[in-house]
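Enquirer:
Number of protein chains: 2
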Amino acid sequence: MNMTDSLRDVIGGLEESWGIAIIGMDGILVEEQKKQGELDLQTLGAELCGLLKSADSVAGSIGAGGIIEIVTTAENYCVILRRVTDEYFMVLVIHPDGNLGKGRYLLRRAGSQVRSEL
Amino acid sequence: MNMTDSLRDVIGGLEESWGIAIIGMDGILVEEQKKQGELDLQTLGAELCGLLKSADSVAGSIGAGGIIEIVTTAENYCVILRRVTDEYFMVLVIHPDGNLGKGRYLLRRAGSQVRSEL
Numbered sequence: 022m023n024m025t026d027s028l029r030d031v032i033g034g035l036e037e038s039w040g041i042a043i044i045g046m047d048g049i050l051v052e053e054q055k056k057q058g059e060l061d062l063q064t065l066g067a068e069l070c071g072l073l074k075s076a077d078s079v080a081g082s083i084g085a086g087g088i089i090e091i092v093t094t095a096e097n098y099c100v101i102l103r104r105v106t107d108e109y110f111m112v113l114v115i116h117p118d119g120n121l122g123k124g125r126y127l128l129r130r131a132g133s134q135v136r137s138e139l
Numbered sequence: 022m023n024m025t026d027s028l029r030d031v032i033g034g035l036e037e038s039w040g041i042a043i044i045g046m047d048g049i050l051v052e053e054q055k056k057q058g059e060l061d062l063q064t065l066g067a068e069l070c071g072l073l074k075s076a077d078s079v080a081g082s083i084g085a086g087g088i089i090e091i092v093t094t095a096e097n098y099c100v101i102l103r104r105v106t107d108e109y110f111m112v113l114v115i116h117p118d119g120n121l122g123k124g125r126y127l128l129r130r131a132g133s134q135v136r137s138e139l
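If you read the protein sequences in the order shown, they are chains B and V.
First residue of the first sequence? That's 22 in my numbering, and the numbers climb one at a time after it.
First residue of the second sequence? That's 22 in my numbering, and the numbers climb one at a time after it.
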């Protein structure tokens with residue numbers, strides 16, 4: 022299964038999902054799939070890059086080890102960020118009342134699938 | 022039920038929990054309860070303050086509305102941050118393999134309990 026198919030699988034497997042992307046730690050989008058045309062995953066990815074670096078700093082300060090996942094729930098979106106390699110992470114955007122557990126599971130599975138291609 | 026009892030309830034209700042605190046948006050700890058003596062919730066709280074502000078900036082950039090919750094899973098800790106009012110948030114630290122769903126539920130409930138006292 023290639024990278025694009027892995028992303029499509031996640032979006033297809035979760036009705037309340039709006040978009041998914043693979044982002045580099047430089048904030049540049051590698052690949053995306055979305056259902057909502059107006060969702061700007063490039064801007065989101067660049068912003069999340071900064072968030073992941075802040076979280077790494079928090080984790081460092083308490084000896085928590087490397088960050089694996091950050092789930093942010095806001096009023097209008099839920100964003101699941103998952104680190105795939107040292108250089109890349111994936112982000113999945115779902116409806117705030119969507120099935121968060123399934124989203125996390127599908128993203129973890131997709132992360133394992135795309136890791137070898139990155 | 023007072024603030025201290027609400028925090029004790031969460032820690033008592035989740036075996037894999039290590040500590041809980043109420044933190045101001047200025048990074049200052051208001052109240053804490055912990056099982057692990059070496060867990061430095063004051064430092065963690067101050068760092069999380071910065072993370073919450075970064076997440077607010079991310080949410081602002083995509084029109085996501087206010088941040089409600091951030092769940093960060095690292096190798097050695099899982100940290101659940103929940104906004105209680107504009108001025109305060111709560112943080113719960115649990116084992117990375119702990120029951121995340123129950124932690125989120127207990128923290129949400131405690132947030133409702135302490136809100137009137139803040």
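Beta carbons: idealized from backbone N, C-alpha and C, even for Gly.
1) Looking at the C-beta of B/Asn-23, does it have a partner C-beta in chain A at a distance below 7 Å?
2) Drop a sphere of 10 angstroms on the beta-carbon of V/Gln-54, count the other beta-carbons inside from all chains shown, and report buried for 16 or more, exposed for fewer.
3) Who are the Cβ neighbours of B/Ile-32 in its own chain at under 7 Å, not counting the five residues just before and after it?
4) According to a CB-to-CB cut-off of less than 7 Å, which residues of the segment 86 to 113 of chain V neighbour chain B?
5) Starting from B/Thr-94, follow its DSSP beta bridges and name the residues at the other end.
6) List the residues of chain B that V/Gly-84 touches, going by C-beta distances under 8 Å, in chain order.
7) Whether or not the segment 92 to 100 of chain V and the segment 83 to 94 of chain B are in contact is what I'm after, with contact meaning three or more pairs of Cβ atoms, one per stretch, closer than 8 Å; do they touch?
8) Chain V partners of B/Ala-80, CB-CB under 7 Å?
9) Within this structure, are the beta carbons of B/Arg-103 and B/Leu-65 separated by less than 7 Å?
10) Which residues in the same chain have their Cβ closer than 8 Å to the Cβ of V/Ser-78, if we skip the five residues on either side of it in sequence?
11) Compare the C-beta of V/Ala-76 with all C-beta atoms of chain B and state if any pair is closer than 7 Å.
12) Under the three-state reduction of DSSP, which class applies to B/Ser-38: helix, strand or coil?
13) Which residues in the same chain have their Cβ closer than 6 Å to the Cβ of B/Met-24, if we skip the five residues on either side of it in sequence?
14) Leaving out five residues before and five after V/Ser-27 in sequence, what residues of the same chain have Cβ atoms less than 6 Å from its Cβ?
15) If you measure between the beta carbons of B/Ser-75 and V/Gly-71, is that distance less than 7 Å?
16) Going straight from the alpha carbon of B/Gly-122 to that of V/Glu-36, what length do you get?
17) Thinking C-alpha only, which one of B/Tyr-109, B/Ile-115, B/Gly-119 and B/Asn-120 is nearest B/Ile-49?
Expert: Taking the coordinates as given:
1) The structure shown contains no chain A; its protein chains are B and V.
2) If you number the second sequence from 1, residue 54 of chain V lands on position 33. So V/Gln-54 ends up on the buried side.
3) What you label residue 32 of chain B is simply residue 11 of the first sequence in a count that begins at 1. Same-chain partners within the cutoff: Ser-38, Ile-41, Gln-54 and Lys-56.
4) The residues in question are Gly-86, Gly-87, Ile-88, Ile-89, Glu-90, Ile-91, Val-92, Thr-93, Thr-94, Ala-95, Glu-96, Asn-97 and Tyr-98.
5) Your numbering for residue 94 of chain B matches position 73 in the first sequence. B/Thr-94 pairs with B/Cys-99 and V/Glu-90.
6) Against the second sequence, residue 84 of chain V aligns to sequence position 63. Correct list: Asn-97.
7) Touching, yes, given that three or more Cβ pairs across the two stretches are closer than 8 Å.
8) Position 59 of the first sequence, counted from the start, is the residue given in the question as residue 80 of chain B. Those within 7 Å of B/Ala-80 in chain V are Ala-95.
9) Along the first sequence, read from residue 1 onward, the residue named residue 103 of chain B stands at position 82. Along the first sequence, read from residue 1 onward, the residue named residue 65 of chain B stands at position 44. Contact flag unset, no.
10) Here residue 78 of chain V is taken as the residue at index 57 of the second sequence, counted from 1. Within the same chain, V/Ser-78 has no close Cβ partners at all.
11) Working through the second sequence from its first residue, we reach residue 76 of chain V at position 55. Yes, V/Ala-76 counts as interfacial toward chain B.
12) Within the first sequence, numbered from 1, the residue matching residue 38 of chain B stands at position 17. Here B/Ser-38 sits in strand by DSSP.
13) As a position in the first sequence, residue 24 of chain B is number 3, starting the count at 1. In chain order, Glu-52, Val-135 and Glu-138 place their CB closer than 6 Å to the CB of B/Met-24, counting only its own chain and leaving out the 5 sequence neighbours on each side.
14) Numbered from 1 along the second sequence, position 6 holds the residue referred to as residue 27 of chain V. Hits under 6 Å: Ala-131, Gln-134 and Val-135.
15) Against the first sequence, residue 75 of chain B aligns to sequence position 54. Against the second sequence, residue 71 of chain V aligns to sequence position 50. Contact: yes.
16) Mapped onto the first sequence, residue 122 of chain B falls at position 101. Mapped onto the second sequence, residue 36 of chain V falls at position 15. Between B/Gly-122 and V/Glu-36, the alpha-carbon positions lie close to 21 Å from each other.
17) Looking up residue 49 of chain B in the first sequence gives position 28. Taking the Cα of B/Ile-49 as reference, the smallest distance to any Cα among B/Tyr-109, B/Ile-115, B/Gly-119 and B/Asn-120 is reached at B/Tyr-109.
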